[in-house]
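Participant:
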Amino acid sequence: MTELKRYRIRYTINGNPASLTMSAFDEPSLEQAELEILLHHVKEHRAAADAPWEIPEVPSEDSRMLELGVSDIEIELER
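According to the working numbering, the sequence shown is numbered sequentially starting from 546.
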């Protein structure tokens, strides 16, 4: 039987520790964790992913993470 699990995403934002929880059936990927962090912290939601025909110097997700100062992302299963 598939069980919905809770995962804790720990990270630093501008040098300060932060975390949030995410429910999922499988452990979220780093990309999923990054998108969850963006949704949580970005006040003005804009497109977070580049269109397939765009060839940016830095992908939108990466540039937004740099703007926010997010680093050291860790994902762990909550017990």
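Ideal Cβ positions, reconstructed from N, Cα and C, are used throughout, including at glycine. Keep in mind that this is a model prediction, so the values were computed, not measured.
Which runs of the alpha helix (DSSP H), 4 residues or longer, sit entirely within the segment 549-613?
Facilitator: Within the segment 549-613, the complete alpha helix (DSSP H) runs of at least 4 residues are 575-586, 605-613.
Participant: So E572 and E606 are in contact, right, with Cβ under 8 Å, and what is the actual spacing, rounded?
Facilitator: The sequence position of residue 572 within the sequence shown is 27, counting from 1. The sequence position of residue 606 within the sequence shown is 61, counting from 1. The pair is not a contact, with the Cβ atoms about 19 Å apart (cut-off 8 Å).
Participant: Under 7 Å, do I558 and V615 count as touching if we go by C-beta distance?
Facilitator: Translated into positions along the sequence shown, residue 558 becomes position 13. Translated into positions along the sequence shown, residue 615 becomes position 70. Yes, Cβ-Cβ distance for I558 and V615 is below 7 Å.
Participant: Buried or exposed: L583, going by 16 or more other Cβ atoms within 10 Å of its Cβ?
Facilitator: By one-based count along the sequence shown, residue 583 stands at place 38. When all chains shown are included, L583 counts as buried.
Participant: Could you tell me which of E599, T566, E612 sits nearest to I588, measuring between CA atoms?
Facilitator: For this step, residue 588 is matched to residue 43 along the sequence shown. With the sequence shown as reference, residue 588 is identified as Lys, and Ile is not the correct amino acid for it. Among E599, T566, E612, the Cα nearest to that of K588 is on E612.
Participant: Just tell me which of E623, E619, R624 has its CA closest to the CA of A575.
Facilitator: Translated into the one-based positions of the sequence shown, residue 575 becomes position 30. In the sequence under discussion, the amino acid at residue 575 is Leu, which differs from the Ala named in the question. If we check each option's Cα against that of L575, E619 comes out closest.
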